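For the sequence shown, our numbering begins at 652 and goes up steadily by one.
Virtual Cβ for every residue (Gly too), placed ideally from N, Cα, C.
All values derive from a computational prediction rather than experimental measurement.
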Amino acid sequence: MDEQQRTEPWYATALRAGLELVGWIGLPVALWPHSILLAIGVDVLLIGVPALLQTPGDKPGTVVAVPGWVTIVMVLAELAGAVTAAWLLFPSWAAVLVTLLALACCGTELPRWRRLLSS
């Protein structure tokens, strides 16, 4: 797959990365008072698994190759984590904003997801 096919708009990458950060930071913070082990485990899942499992051609440096649908499921899990963290920690207006941004992210991810499913 050549570089032109892999390139995605900067705003799609920025939106996805920002929402990932909300989930990576927010979910452990929300879970910590209930279970330290669960708080740590959720970050292992949200950060560690996508770092190891990658679809070849999507990003450089594939460690363990997986089909495109697995990458899509991991992105959806990241977005669900961000939305969940927002509703657990933020005021309602901010949680609504994060939810809308996650829906927008699904829209900006569609070209990438189509590419991942076609390979």
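Item, Value
"Return helix, strand or coil for V717, following the three-state DSSP convention.", "coil"
"Please work out which residues of its chain come closer than 8 Å, Cβ to Cβ, to L696, disregarding the five sequence neighbours upstream and downstream, and give them in chain order.", "A728"
"Mind checking R763: buried by the 16 CB within 10 Å criterion, or exposed?", "buried"
"So who's on the other strand from L697, going by DSSP bridges?", "According to DSSP, which records beta bridges pairwise, L697 is partnered with nothing at all."
"Using 8 Å as the Cβ pair cut-off and three pairs as the minimum, do the stretch 679-695 and the stretch 741-757 touch?", "no"
"Could you please give the first and the last residue of the uninterrupted alpha helix (DSSP H) stretch that includes W683?", "Per DSSP, W683 belongs to no alpha helix (DSSP H) and is neither H nor E."
"Could you give the distance in angstroms between the alpha-carbon of A702 and the alpha-carbon of T722?", "11 Å"
"In this structure, what does DSSP give as the bridge partners for L704?", "V715"
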